[in-house]
Amino acid sequence: MSVDNQSKTILIAEDSSVILNLTRKILELQKYKIVLAKNGGEVLKQIESNPVDCVLMDINIPVKDGMQCTREIRAHADPKINKLPIIAITGNANNYSMDQFREAGVTDYLPKPLDFDALVRVVKQYVG
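Throughout, our numbering is defined as the position within the sequence shown, counted from one, plus 149.
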């Protein structure tokens, strides 16, 4: 099986359109397909209606925060959904410890401001 990013889809859950657009451009340059969720209420709907390979989760999204969304994904009945790699993105990582991230089911996290090289590296680590 060849590793082809064309078939890999990343869900970006982020309410800042600036960060969203930048992140999307960076990942599209890497040939990933992008699905967007502007708030926590859209995350699960998007995952259930689009097969995604990885979730970039801003922790401070409105409606439901990223931690709550992560817990819901982990509790989902579908193993294709509950096993998804979830990469938390947060500007205030100090508010949460790595243990809290793990307890919620976060796979890894990236601090803001986003380092785009690190973003690509971490996404490739989990998605290939």
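Built from N, CA and C at the ideal position, the CB exists for glycine as well. The structure displayed is predicted, hence computed values, not measured ones.
Let me know if L259 comes out buried or exposed under the rule of 16 or more other beta-carbons within 10 Å of its beta-carbon. On the sequence shown, position 110 is the one that residue 259 refers to. With 16 or more Cβ atoms within 10 Å of its Cβ, L259 is classed as buried.
Pull up the DSSP beta-bridge partners for T349, would you. Given a span of 150 to 277 for the chain in the structure shown, any question on residue 349 remains unanswerable.
From the DSSP output, in three-state form, read off A226 for me. As a working mapping, residue 226 is identified with position 77 in the sequence shown. In the three-state DSSP reduction, A226 falls in the coil class, being neither helix nor strand.
Cβ shell of S151 (< 6 Å), same chain only, five flanking positions each side left out: Taking the sequence shown and counting its residues from 1, one reaches residue 151 at position 2. Its pLDDT being 44, under 50, S151 is placed unreliably in this model, and the value from its coordinates should be taken loosely. Counting only Cβ-Cβ distances below 6 Å, and skipping sequence neighbours, we find nothing.
Can you list, in chain order, the residues of its chain with a C-beta nearer than 8 Å to that of G189? Leave out the 5 residues immediately preceding and following it. If you number the sequence shown from 1, residue 189 lands on position 40. Cβ neighbours of G189 beyond the five flanking positions: A162, I210, P211, V212, K213, D214, G215, Q217 and C218.
Give the C-beta separation of I130 and L176 to the nearest angstrom, bearing in mind that I take them to be a contact with Cβ-Cβ under 8 Å. A question about residue 130 goes unanswered here, because the residues of the chain that appear run from 150 up to 277.
With a threshold of 6 Å on Cβ separation, who are the neighbours of T239 within its own chain once the five nearest residues in sequence on each side are excluded? Locating residue 239 in the sequence shown gives position 90, where the first residue counts as 1. Excluding sequence neighbours, T239 sits near I208.
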